[in-house]
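Per the working numbering, the sequence shown starts with residue 483, numbered consecutively.
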Amino acid sequence: MENKILATSAGAMAGSSLIMSTSAGAMAGSAIIADSSGAMAGSALKTFEIQPEKEKRLRIVTTTVNDVCQLRCPGCYLGESIRREFMNEETQQALLRGGYNHLVIAGKEPFVSEAHIQKTSDLIRRLSDEGITVSAITNGQNLHMVPADVLRSLTYLDVSIDGGNKASYEATRLGGNWERLVRNVRDAKERTGVRIHGLHVLNAQNTRELDQMAGVTSLMPLDLLLFSPFTKTERRGVDYTTEPVDALTMIRTASESPTFKDNPKAFLYLGIYRLPEIDKESLRECVAEKGTRAILINENPFNLGVIRVTHDGKIMTPDESLHTGKYHSISRKVALDTHLAREYQKLVA
Ligand code: SF4
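The following block contains the structure:
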């Protein structure tokens with residue numbers, strides 16, 4: 483497959499924002515670009531190819547079912563764990579009431595322990611019974627413990643990777659085990675046939691290893707591999723030690739990577755909706771000139787019908803969901819009679 487640009491305004495942009503330095507071409511000054519990692523919806527925007535509609539309506543809800551993870555990734559936008567409990571029943575009821583098409587379980591780690599696997603599995607089964615499709619983002623470390631019927635019922639599974647070999651993976655995913663990840667992804671595919679997408683978040687350190695990261699599809703049966711930029715958000719807890727990489731470096735590095743170029747499953751995944759028109763155009767030209775395979779997200783996911791509901795019942799826009807350090811100031815909360823489609827319309831108004 484030839485390298486190409488897929489311009490899309492849809493989907494799964496999971497977006498942090500990143501200051502993009504504009505050292506090349508006609509790019510005008512510095513600009514904010516949003517990434518596509520777990521914060522908004524993993525690979526959902528790409529998967530569903532959502533296009534803007536005249537009448538805005540709620541289409542995708544992203545949710546954190548808990549606030550706990552067994553890993554300690556330095557770039558995690560969800561920051562420090564505050565409460566270790568699972569999503570409360572009131573919030574689960576609001577999700578089950580529907581009014582949207584698809585639920586993305588975006589964190590923190592839905593399969594962190596046996597107890598949370600059971601609770602996440604029950605929720606997925608109940609949602610499926612209500613006709614709501616579900617996907618999940620996971621670090622993959624406990625995938626072998628997830629029941630086959632649950633994996634089979636998912637539209638797809640996003641697995642966060644961020645490394646191309648044992649050393650780079652374990653340096654980024656502190657506490658993770660590379661062999662276990664590879665084994666679990668292979669096993670999940672073999673056991674259930676679930677569609678699996680790999681997510682790489684690129685930062686200043688691991689971008690140098692992009693070529694190897696593009697080759698993980700030869701180790702694991704991934705159906706799609708997305709590279710998005712790391713960004714610093716206002717998160718809870720410790721300061722970031724990870725540094726962002728600018729979008730032009732990502733594009734150049736991908737264009738120079740033989741493995742990326744030869745891998746039809748690999749795409750850069752860039753949220754360009756915050757850029758002014760002139761910068762969007764310059765970035766598109768840069769992608770075309772380099773012949774890099776890229777998905778460019780033109781529209782803010784909120785305008786495409788995406789909202790976030792947290793495990794403790796807060797309702798927020800995708801942009802708000804990036805900044806866990808500001809969650810305390812969000813007062814929109816799920817109540818007994820909350821209907822999420824109506825909450826979305828209130829936010830739109
Ligand atoms: S695996 Fe995901 S949720 Fe867990 S610490 Fe890493 S980035 Fe955060």
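Ideal placement from N, C-alpha and C gives every residue a C-beta, glycine not left out.
Exercise for review: Using the beta-carbon of each residue, find all residues closer than 7 angstroms to any heavy atom of the ligand SF4 and list them in chain order.
Suggested key: 520, 551, 553, 554, 555, 557, 558, 560, 589, 590, 591, 621, 642, 655
Check your understanding: Going by beta carbon distance, what residues of the same chain come within less than 7 angstroms of residue 836, once the five residues before and after it are set aside?
Key -> Residue 836 cannot be examined here, being either before or after the span of the chain that is shown, 483 to 831.
Practice item. Decide if residue 736 is buried, meaning its Cβ has at least 16 other Cβ atoms within 10 Å, or exposed. Key: buried
**Study point:** Rounded separation between residue 658 and residue 648 - CA only
**Key:** 10 angstroms
Exercise for review: Would you check if there are 3 or more beta carbon pairs closer than 8 angstroms linking the segment 781-793 to the segment 763-771?
Suggested key: no
Review point. For the candidate residues 796, 831, 808, whose alpha-carbon lies nearest to that of residue 570?
Key: 796
Review point. For the candidate residues 725, 697, 824, 655, whose alpha-carbon lies nearest to that of residue 685?
Key: 725
Review point. How about the segment 605-615 and the segment 584-593: do they share at least three Cβ pairs that are nearer than 8 angstroms?
Key: yes
Point to revise | Stretch-stretch touch, CB-based, cutoff 8 angstroms, three pairs: the segment 553-560 with the segment 650-670 | key: yes
Practice item. Note down, in chain order, each residue of its chain lying with its Cβ closer than 8 angstroms to the Cβ of residue 830, except the 5 sequence neighbours on either side. Key: 538
Review point. Around the Cβ of residue 819, are there at least 16 other Cβ atoms within 10 angstroms (buried) or fewer (exposed)?
Key: exposed
Practice item. State the Cα-Cα distance for the pair residue 753 and residue 669, rounded to the nearest angstrom. Key: 32 angstroms
Check your understanding: If you draw a straight line from the C-alpha of residue 603 to the C-alpha of residue 632, how long is it?
Key -> 6 angstroms
Check your understanding: Which class does residue 794 belong to by DSSP, given the choice of helix, strand or coil?
Key -> coil
Check your understanding: Enumerated in chain order, which unbroken segments of the alpha helix (DSSP H) with a length of 4 residues or greater are wholly contained in the segment 614-667?
Key -> 630-635, 648-654
Check your understanding: Does the distance from the C-beta atom of residue 642 to that of residue 667 stay below 9 angstroms?
Key -> no
Exercise for review: Decide if residue 525 is buried, meaning its Cβ has at least 16 other Cβ atoms within 10 Å, or exposed.
Suggested key: buried
Practice item. In angstroms with no decimal places, state the Cα-to-Cα distance between residue 680 and residue 704. Key: Whole-angstrom Cα-Cα distance: 6 angstroms.
Point to revise | residue 721 burial status per 10 Å Cβ neighbour count (16 or more: buried) | key: A residue is called buried when at least 16 other Cβ atoms come within 10 angstroms of its Cβ; residue 721 does not meet this threshold and is exposed.
Practice item. For the alpha helix (DSSP H) holding residue 577, just list the boundary residues, first then last. Key: Run containing residue 577: 571-578, per the alpha helix (DSSP H) assignment.
Practice item. State the Cα-Cα distance for the pair residue 787 and residue 536, rounded to the nearest angstrom. Key: Looking at the two C-alpha atoms, the distance is approximately 11 angstroms.
Exercise for review: May I ask you to report which of helix, strand or coil DSSP gives residue 815?
Suggested key: strand
Review point. Is the beta carbon of residue 712 less than 9 angstroms from the beta carbon of residue 692?
Key: no
Check your understanding: Looking at C-alpha atoms only, which residue of 577, 813, 687 is the closest neighbour of residue 547?
Key -> Nearest option by C-alpha distance: 577.
**Study point:** residue 779 (DSSP reduced to helix, strand or coil)
**Key:** strand
Check your understanding: Is the distance from the Cβ of residue 696 to the Cβ of residue 764 below 9 angstroms?
Key -> Not in contact: residue 696 and residue 764 (Cβ atoms no closer than 9 angstroms).
Exercise for review: Would you kindly report the start and end of the unbroken alpha helix (DSSP H) that includes residue 821?
Suggested key: Here residue 821 belongs to no alpha helix (DSSP H), and DSSP marks it neither H nor E.
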